[in-house]
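Number of protein chains: 2
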Amino acid sequence: MISSKMRDMVLNSSTIRAMFEEGKRLSSIYGEENVFDFSIGNPNVEPPEEIKNIINKIINEEKPNFLHGYMNNSGYEDVREAIANHLGLEYNLQLKCENIVMTCGAAGGLNVILKSILDPEDEVIVFAPFFGEYINYVKNFDGVVTVVSADTNSFQLNLEELKNKISNKTKAVIINSPNNPSGVIYSEETIKELSNILREKELEFNKDIYLISDEPYREIVYDNTKVPCILNYYNNSFIGYSYSKSLSLPGERIGYIVVNPKMNTFEDITAALNIANRILGFVNAPSLFQRVIKESLKLEVNINIYKKNRDLLYNHLVSIGFECLKPDGAFYLFPKSPIEDDVKFCEDAKKFNILAVPGKTFGCPGYFRLSYCISYDKIERSLKAFNELIKLYK
Amino acid sequence: MISSKMRDMVLNSSTIRAMFEEGKRLSSIYGEENVFDFSIGNPNVEPPEEIKNIINKIINEEKPNFLHGYMNNSGYEDVREAIANHLGLEYNLQLKCENIVMTCGAAGGLNVILKSILDPEDEVIVFAPFFGEYINYVKNFDGVVTVVSADTNSFQLNLEELKNKISNKTKAVIINSPNNPSGVIYSEETIKELSNILREKELEFNKDIYLISDEPYREIVYDNTKVPCILNYYNNSFIGYSYSKSLSLPGERIGYIVVNPKMNTFEDITAALNIANRILGFVNAPSLFQRVIKESLKLEVNINIYKKNRDLLYNHLVSIGFECLKPDGAFYLFPKSPIEDDVKFCEDAKKFNILAVPGKTFGCPGYFRLSYCISYDKIERSLKAFNELIKLYK
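Chains as they are written, first to last, in the UniProt record's numbering: chain A, 1 to 394; chain B, 1 to 394.
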């Protein structure tokens with residue numbers, strides 16, 4: 001008697017659970033240290049040490065009914081103001097409290113945005129490879145997902161295809177940079193061109209088209225690369241942000257939405273976000289962690305740990321014949337599968353105790369994702385297994 | 001360009017904001033201490049003092065990647081198990097980890113339940129007076145709300161009307177006890193009769209009908225009354241629970257769903273709840289507060305503060321001629337409006353600096369709600385204002 005929408009998902013979830021059980025089965029036979037689980041994006045780098053002291057200070061200094069109480073559904077004004085100032089300085093923008101809505105992570109934020117803007121049958125465009133949950137988020141509000149296929153040369157955006165796929169039903173476009181699963185950061189050139197196309201199409205169809213930039217990995221970048229700030233390129237834009245990766249706090253569900261101050265009908269949009277946050281049942285982002293974030297704006301996790309992991313794994317895979325772009329951000333590699341069938345490849349990998357996710361899951365078959373947010377040690381121990389794995393196809 | 005579903009809500013929200021602004025305007029003229037705001041259900045009683053030490057202990061003892069990390073979307077197994085055992089003992093039930101899903105408060109929990117069970121056009125029955133958000137929650141999933149009108153003699157359930165309103169489209173029935181806004185606890189007799197009717201209708205229509213019991217006020221009860229546990233009376237039942245009121249932690253968004261172990265297709269249902277929690281963007285209930293709850297199962301707030309407030313306000317209102325049932329729970333009074341038009345009455349009340357919410361908001365015109373979760377002092381000072389107010393109609 002579950003809803004028909006959920007029925008397929010429940011069936012599908014037993015497949016995922018089977019994969020998870022397989023991991024546990026392998027661990028029980030070979031020992032946890034000999035199972036190379038590259039399938040999950042759960043940060044292994046610790047949150048900044050200071051977080052503990054900040055929590056301590058807050059619970060000792062703030063009045064408990066204020067600290068754990070209700071506030072505006074969009075969050076504490078002083079916290080939103082502090083984030084607005086912080087981002088304003090970093091990206092040279094005029095942001096205020098009104099531009100920020102505190103959310104239960106980026107997943108919460110994207111749902112709140114989509115609830116606010118989508119009518120049934122509205123189309124939302126995503127670019128392969130993409131985080132598979134976008135499809136569920138759009139379907140939550142009876143929207144229709146249109147996929148632009150991957151540009152597998154650069155893993156930038158396939159903008160020619162985008163031009164053909166935007167229609168008068170397109171309400172929004174979602175991008176995710178640094179990208180899960182490719183790790184690629186969309187260049188300033190890509191963002192400029194994307195923005196130009198969207199503006200042209202807004203004129204052509206005489207409607208607003210929203211650009212939603214999902215940026216949980218914005219601070220997980222290497223070699224001094226910087227993620228261009230979408231707000232400086234396109235007016236009808238939102239950022240969805242989360243501290244899950246940048247401060248390694250994924251379980252606490254804390255993040256925010258930024259609404260471009262130049263957005264059309266700004267006041268209606270922010271009012272709608274406020275209401276959506278409430279009626280979807282979030283009510284507000286967790287209150288203690290809103291206050292923790294206010295004191296943590298300058299903190300960061302040790303990115304070098306991820307960078308060392310990336311270099312070790314990337315260099316080895318390429319040296320033994322895998323084709324892979326060297327990504328500048330996030331904690332994923334997205335190599336080409338040595339055989340066309342990426343699902344079969346991931347099945348083969350299990351024989352060597354390697355757990356990876358097929359590219360098909362991200363709308364990009366023929367590739368596979370490795371999450372390298374695991375210990376350096378374990379990656380080192382996995383290298384031999386990759387050597388054995390690739391021999392299968394030589 | 002916001003969604004058409006949101007448009008009315010945004011318009012409506014400016015009315016609510018206007019009310020809020022009116023409160024601020026009155027405060028600026030008469031002083032905050034002379035404005036009697038009975039409109040908001042934000043607990044004024046402090047969380048238990050021990051919560052602070054528990055947080056302290058947890059952040060010092062737990063590994064931070066475990067404490068702030070992802071876990072099963074339904075929550076930490078050990079936390080769910082501890083809650084299951086605690087409830088099992090209290091209500092003489094066999095509950096396990098599998099029966100509990102940790103949620104972002106009861107609002108999150110109700111949305112997760114409705115997402116899991118509702119197909120478009122499915123009907124959900126609510127009993128007036130009801131918490132107005134239920135309508136939004138049901139509409140989130142394209143369900144249709146059917147209202148059973150209030151039994152204003154007892155504020156128990158109008159079960160004769162229920163019999164006529166259940167149809168083959170009815171998927172669920174929501175009850176809320178202790179009730180917001182009436183404060184009434186549904187008696188064991190009411191619950192038994194309700195359960196009998198639902199079972200008969202399940203047979204008649206050959207389908208499952210879910211009973212969802214929303215219980216954020218379960219522990220806010222006076223004079224040794226006890227809330228009957230729905231799980232003992234009806235198999236296809238859920239409880240939605242929150243620590244917002246029982247531990248005065250509304251901002252932290254922590255609560256749970258209980259799934260009756262005797263529910264039909266139990267495994268499909270719990271799998272659907274797990275997925276719904278994820279795809280709606282909650283992902284999981286906030287992790288630190290899941291662990292706090294595990295250590296706080298025996299804690300409670302000082303209910304006597306609310307009880308003293310209730311007695312003071314109730315006795316005075318009745319003594320000056322208001323008609324009102326004396327409620328056994330929650331922190332609301334729901335007196336009869338001295339004039340038929342409850343909206344007009346609440347407008348009149350503002351002239352005496354009293355802010356109240358019209359019964360219309362709860363599907364029960366002709367009444368008004370007073371939230372007495374404010375300081376005893378302020379209630380004392382408000383009594384004269386009520387004297388003046390009722391004179392208008394004599």
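Even for Gly, the Cβ is constructed at its ideal location relative to N, Cα and C.
Note that the structure is a prediction, hence the values are computed from the model and not measured.
Would you tell me roughly how many angstroms separate the C-alpha atoms of residue i and residue j, rounded to the nearest one?
i, j, result
"Glu-189/B", "Leu-159/B", "11 Å"
"Leu-87/A", "Ile-257/A", "12 Å"
"Asn-180/A", "Tyr-367/A", "13 Å"
"Ile-51/A", "Ser-187/B", "47 Å"
"Arg-310/A", "Ile-166/B", "59 Å"
"Asn-387/A", "Thr-152/A", "24 Å"
"Ser-74/A", "Val-10/A", "32 Å"
"Lys-308/B", "Tyr-30/B", "26 Å"
"Arg-25/A", "Asp-223/B", "54 Å"
"Val-79/B", "Glu-98/B", "11 Å"
"Asn-315/B", "Cys-373/B", "16 Å"
"His-68/B", "Asp-341/B", "51 Å"
"Val-144/B", "Val-124/B", "6 Å"
"Ile-320/B", "Ile-390/B", "8 Å"
"Glu-380/A", "Asn-34/A", "11 Å"
"Ile-230/B", "Tyr-306/B", "25 Å"
"Asn-236/B", "Glu-32/A", "40 Å"
"Ser-194/B", "Asp-377/B", "At residue 194/B the sequence reads Leu, which differs from the Ser that was named. Looking at the two C-alpha atoms, the distance is approximately 41 Å."
Any idea which residues DSSP pairs residue i with across the strands?
i, result
"Tyr-256/A", "Met-102/A, Tyr-241/A"
"Ile-175/A", "Ser-213/A"
"Ile-354/A", "Phe-36/A"
"Gly-329/B", "Val-221/B"
"Tyr-367/A", "Lys-336/A"
"Ile-54/A", "Paired residues: none, contrary to the question."
"Glu-123/B", "Val-144/B, Thr-170/B"
Kindly indicate which residue of the options has the alpha-carbon position closest to the one of residue i.
i, options, result
"Gln-290/A", "Lys-207/A, Ile-175/A, Ile-58/A", "Ile-58/A"
"Asn-65/A", "Ser-3/B, His-68/B, Asn-60/B, Pro-43/B", "Pro-43/B"
"Val-259/B", "Lys-384/B, Ser-213/B, Lys-63/B, Glu-49/B", "Ser-213/B"
"Val-45/A", "Gly-23/A, Ala-330/A, Ile-320/A", "Ala-330/A"
"Tyr-70/A", "Leu-297/A, Arg-369/A, Ser-287/A, Ile-390/A", "Ser-287/A"
"Ile-113/A", "Asn-53/A, Gly-240/A, Leu-157/A, Asn-56/A", "Gly-240/A"
"Leu-297/A", "Lys-384/A, Asp-341/A, Pro-48/A", "Pro-48/A"
"Met-6/B", "Asn-277/A, Ala-18/A, Ala-106/A", "Asn-277/A"
"Phe-322/A", "Glu-300/A, Phe-345/A, Val-301/A", "Phe-345/A"
"Gly-132/A", "Phe-362/A, Glu-98/A, Asp-377/A, Tyr-306/A", "Phe-362/A"
"Ala-107/A", "Ser-242/A, Ile-303/A, Asp-328/A, Thr-146/A", "Ser-242/A"
"Glu-219/B", "Ser-177/B, Val-343/B, Asn-236/B", "Ser-177/B"
"residue 395/A", "Glu-267/B, Tyr-306/B, Leu-313/B, Glu-380/B", "Chain A is shown only over 1 to 394; residue 395/A falls outside these bounds and no answer can be derived."
"Phe-130/A", "Lys-378/A, Tyr-76/A, Arg-369/A", "Arg-369/A"
"Ile-197/B", "Tyr-332/B, Glu-215/B, Glu-161/B, Val-221/B", "Glu-161/B"
"Gln-94/A", "Ala-18/A, Glu-295/A, Glu-81/A, Leu-325/A", "Glu-81/A"
Which whole-angstrom value is the C-beta distance of residue i and residue j, which I expect to be below 8 Å?
i, j, result
"Asn-284/A", "Gly-251/B", "6 Å"
"Phe-238/B", "Tyr-217/B", "At roughly 17 Å, the Cβ-Cβ gap does not stay under 8 Å, so Phe-238/B and Tyr-217/B are not in contact."
"Ile-354/A", "Ala-385/A", "5 Å"
"Ile-137/B", "Leu-157/B", "This sequence places Tyr at residue 137/B; Ile is not what is there. Not confirmed; about 20 Å, so no contact."
"Ser-182/B", "Phe-334/B", "4 Å"
"Asp-208/A", "Asn-264/A", "5 Å"
Does the distance from the CB of residue i to the CB of residue j come in under 9 Å?
i, j, result
"Ile-117/A", "Ala-272/A", "yes"
"Lys-115/B", "Asn-85/B", "no"
"residue 440/A", "Gly-359/A", "Since the displayed chain A opens at 1 and closes at 394, residue 440/A lies outside it and no answer follows."
"Val-227/A", "Ile-254/A", "no"
"Ser-154/A", "Ala-128/A", "no"
"Lys-163/B", "Asp-122/B", "no"
"Ile-269/A", "Ser-13/B", "no"
"Ile-83/A", "Ile-55/A", "no"
"Tyr-91/B", "Asn-232/B", "yes"
"Lys-96/A", "Pro-365/A", "no"
"Val-126/B", "Val-184/B", "no"
"Ser-4/B", "Asp-348/A", "no"
"Val-301/A", "Ser-375/A", "no"
"Phe-20/A", "Phe-352/A", "no"
"Val-357/A", "Ser-39/A", "yes"
Using a cut-off of 7 Å between C-beta atoms, extract the partners of residue i located in chain C.
i, result
"Arg-369/A", "Absent here is chain C; the protein component of the structure consists of chains A and B."
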